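Presented below is the structure to which this report refers.
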């Protein structure tokens, strides 16, 4: 059984000129992926008939299912319907069901149907109508030589309703689709190439129907294992067995699976252990606190945070020793240790997390260059520090430091901090 | 002079499977639009050499500039470099400058170069290297028959730096692109349709070679005036004259020009007036402080911030009256007034800014629904509060509240707060 291949075509000048972000095609891809249909290409073209027709012809050569969004509005620059009629050599005529649904939609909203809207109920004779329950442009389903062309509106909520209620069930039935499974392994604290080095033997020994991809972002790498087969249970067992072999090699970097965030994993650990947290941030300026509190329910474990941006505030509000600041400076291991320990007291929390550094782009010295950042974790039993040497991009440094601090916290909570 | 046509090619299985949203191609489209280069097609293909090569060949037939993102990582599924070498029939060899820059990058971060990383400094002989100042994969610039292929990393901040510093200037020079001038007018505190109503007469009277676009984001609208012509000085004078007519109509919403942020405008005003600021945040969890400190040099005017996430912390650290909290609750006008006034004392600052609300998605009551948020400004002479009723999206609420609080601060600083 071969896998069904799909192509997505998005139509609209506004997409080409960067005026609108195309979120539809990501959503459609993910939905097709779940039913084992593999998207092999996405194409965006403008409101130009010749380019739309070329895109149809190219897609039909490569794929079996062609899903089209956009270009179905009532104005003259909407060309998808006439292009499909031409491509399938089909006359267009008024579709009684489409007219009935359109009239009903307009009546329910208290509007009268205009002539321009009425034209939206005209469809190519060779297509099957797909009802649009949320808008005025019906979708179209064409079949030819075991290939399918589906046209849907570009308005996201209309398209999604149509996909869920009608297009996905039809595709599953039409192609009797195979099984694809994905498992995402979320890591932090290790770069892509170091990670690849650690697991290369495992990766090279994967059976050919399992494939690994590295998806890196700042200080984090997601590993995606994809499997294809016919028996879903067997495939998932096989993947679970491979992941069970992988995990011990990278245990201290794996904080979760399938899209979990570091901050939600931390929240889960803190709740499980009934521990509370407080933050003292200098160079990150509140970003660690903001990331922790981005999780709904974080008030159960986050007592609060302090951003003592001036040295005197570090002394007055956080009781950092004046002598420490004088001798070692605000950006020092000694200072972040005091900050992490003292912020626990200030907020009556079990754990303190702190940051201090030179976020840049200016403000560095020879001894303390831009990008030098210290972070610390303290829980009353132990204090762990980490030194980072980052670049000169202020916002990137803030984000990287936040991830490093959260990773340090997560490692300490889960006692995976044997190696710094 | 005909318009330069461009195509964008995004490479990566993760884009086809819907695991990553492609924001790069929208950003690139918008940047090319600014210099008068017209994107005619966007294509996304997976990590498969034959499909990448086909996409190159198709794009070269239709466009003059082909901009490629992704597929430049150090792992085996990254195929862009070998594909470009094959397409341009070029051997690959170690590029001394690339190696030098890569070594420097690694040293500056305290890492040793691995063999796998070292391979990233190998480039096709026929390309010109594009420096990657923020990451390990250099970009590549190929020229053939007046056509250009540019390859950049898929990591957004690396790609953007490369585009701004090197690719855009090169494209402008290579194609001698026409004169296009842009002026961006940054507004906050007014919705798109209200803004459009206020300025519709002015907009309708613009000469045909000047075009206005509304670029809305959360609580902000950027107005972009674009002019096309042959004489740059004349064009800019004409645009300045139109903007001089526009400004009095929307004075209290305009906080800056050309990409200035609200936080940088605030920084400028605070420095000019020699005033200092402190923040007390509940529902925004540190986001206001983090936004203020995202500006380099903010330590000159930002004394610090407090995130008293628990009621007892509001009492103990911020001296909010227990009776106020008991009678009116943490989410109330009375509480944010005390928070804004008291945080000035705690951090010895001229101005205090505070927030308290129900960020959601849960936690609302009938009297205080999810999305109810209070903010306050206090400077010792006056206290100004504002009530927001937002939706149930936690992160969006945090961002909107931050913008509203910064706008309140900016209006108060510049005494443009006559109307709330």
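Protein chains in written order, with the UniProt record's numbering: chain A, 1 to 420; chain B, 1 to 420.
For every residue, glycine included, the Cβ atom is placed at its ideal position computed from N, Cα and C.
Note that the structure is predicted; figures quoted are calculated from it, not measured.
Quick one, which of the options has its alpha-carbon nearest residue i's?
i	options	result
residue 41(A)	49(A), 14(A), 4(A)	4(A)
residue 87(B)	32(B), 340(B), 144(B)	144(B)
residue 291(A)	298(B), 283(B), 119(B), 121(B)	283(B)
residue 361(B)	398(B), 162(B), 19(B)	398(B)
residue 71(A)	49(A), 129(A), 57(A)	49(A)
residue 264(B)	363(B), 155(B), 387(B), 406(B)	406(B)
residue 269(B)	140(B), 115(B), 410(B), 99(B)	410(B)
residue 199(A)	232(A), 243(A), 237(A)	243(A)
residue 358(A)	371(A), 365(A), 367(A)	371(A)
residue 365(B)	342(B), 136(B), 329(B), 385(B)	329(B)
residue 252(B)	178(B), 189(B), 293(B), 96(B)	189(B)
residue 313(B)	97(B), 281(B), 201(B), 236(B)	281(B)
residue 35(B)	178(B), 131(B), 234(B)	178(B)
Apply the 10 Å Cβ neighbour rule to residue i and answer buried if 16 or more other Cβ atoms are within range, or exposed otherwise.
i	result
residue 389(B)	exposed
residue 271(A)	exposed
residue 245(B)	exposed
residue 157(A)	exposed
residue 402(A)	buried
residue 322(A)	exposed
residue 248(B)	exposed
residue 394(A)	buried
residue 400(B)	buried
residue 110(B)	exposed
residue 176(B)	exposed
residue 23(B)	exposed
residue 107(A)	exposed
residue 209(B)	exposed
residue 164(B)	exposed
residue 89(B)	exposed
residue 286(A)	buried
residue 57(B)	exposed
What is the residue span of the beta strand (DSSP E) that residue i lies within?
i	result
residue 376(B)	372-378
residue 321(A)	Segment: none, residue 321(A) is in no beta strand (DSSP E) and carries neither H nor E.
residue 277(B)	277-281
residue 386(A)	383-389
residue 401(A)	Not the beta strand (DSSP E): residue 401(A) falls in the alpha helix (DSSP H), residues 394-413.
residue 129(A)	128-130
residue 303(A)	302-308
residue 248(B)	Run containing residue 248(B): none in the beta strand (DSSP E); it sits in the alpha helix (DSSP H), 232-250.
residue 149(B)	147-152
residue 355(B)	351-357
residue 17(A)	Run containing residue 17(A): none; DSSP gives neither H nor E here.
Got a sec, what are the start and stop residues for the alpha helix (DSSP H) residue i sits in?
i	result
residue 82(B)	80-87
residue 369(B)	Premise fails: residue 369(B) is in no alpha helix (DSSP H) and is neither H nor E.
residue 296(B)	Element bounds for residue 296(B): n/a, residue is neither H nor E.
residue 38(B)	Run containing residue 38(B): none in the alpha helix (DSSP H); it sits in the beta strand (DSSP E), 38-45.
residue 363(A)	Careful: residue 363(A) lies outside any alpha helix (DSSP H) and carries neither H nor E.
residue 199(A)	192-204
residue 265(B)	262-273
residue 29(B)	24-34
residue 6(B)	That residue, residue 6(B), is in no alpha helix (DSSP H); its beta strand (DSSP E) goes 5-11.
Interface positions of the stretch 70-99 of chain B facing chain A (Cβ-Cβ less than 8 Å), listed along the chain: 73, 74, 75, 77
Residues from the stretch 276-290 of chain B in contact with chain A, defined by Cβ distance under 7 Å: 285, 286, 287, 289, 290
Residues of the stretch 319-351 of chain B with Cβ closer than 9 Å to any Cβ of chain A, in chain order: Listed in sequence order: 346, 347, 348.
Residues, ordered as in the chain, of the stretch 261-273 of chain B that lie near chain A by beta-carbon distance below 9 Å: none
The stretch 180-193 of chain A / the stretch 247-267 of chain A touching (three or more Cβ pairs under 8 Å): yes
The stretch 368-387 of chain B touching the stretch 350-357 of chain B, judged by at least three CB pairs closer than 8 Å: yes
Inter-stretch contact (C-beta, 8 Å, three-pair minimum) for the stretch 98-108 of chain A and the stretch 162-181 of chain A: no
The stretch 58-75 of chain B / the stretch 198-209 of chain B touching (three or more Cβ pairs under 8 Å): Touching, no, given that fewer than three Cβ pairs across the two stretches are closer than 8 Å.
Segment contact flag, the stretch 68-82 of chain B with the stretch 148-156 of chain B, C-beta cutoff 8 Å, min 3 pairs: yes
Residues from the stretch 224-235 of chain A in contact with chain B, defined by Cβ distance under 8 Å: 224, 226
Members of the stretch 295-309 of chain A that neighbour chain B once the beta carbon cut-off is set at 7 Å: 296, 299, 302, 303, 304, 305, 306, 307, 308, 309
Segment contact flag, the stretch 5-14 of chain B with the stretch 131-147 of chain B, C-beta cutoff 8 Å, min 3 pairs: no
The stretch 80-97 of chain B in contact with the stretch 114-127 of chain B per 3-pair CB rule at 8 Å: yes
Where the stretch 358-371 of chain B meets chain A: residues whose CB sits under 9 Å from a CB there: Listed in sequence order: 359, 360, 361, 362, 363.
At least three beta-carbon pairs within less than 8 Å, the stretch 290-308 of chain B to the stretch 334-349 of chain B: yes
Residues within the stretch 2-14 of chain B neighbouring chain A, beta-carbon criterion of under 9 Å: 8, 10, 12, 13, 14
Contacting positions in the stretch 42-74 of chain B - beta carbon closer than 9 Å to chain A: 42, 43, 44, 45, 46, 47, 48, 51, 54, 55, 58, 62, 73, 74
Selection of the stretch 390-403 of chain A by Cβ proximity to chain B, strictly under 8 Å: Residues passing the 8 Å Cβ filter: 390, 391, 393, 394, 395, 396, 398.
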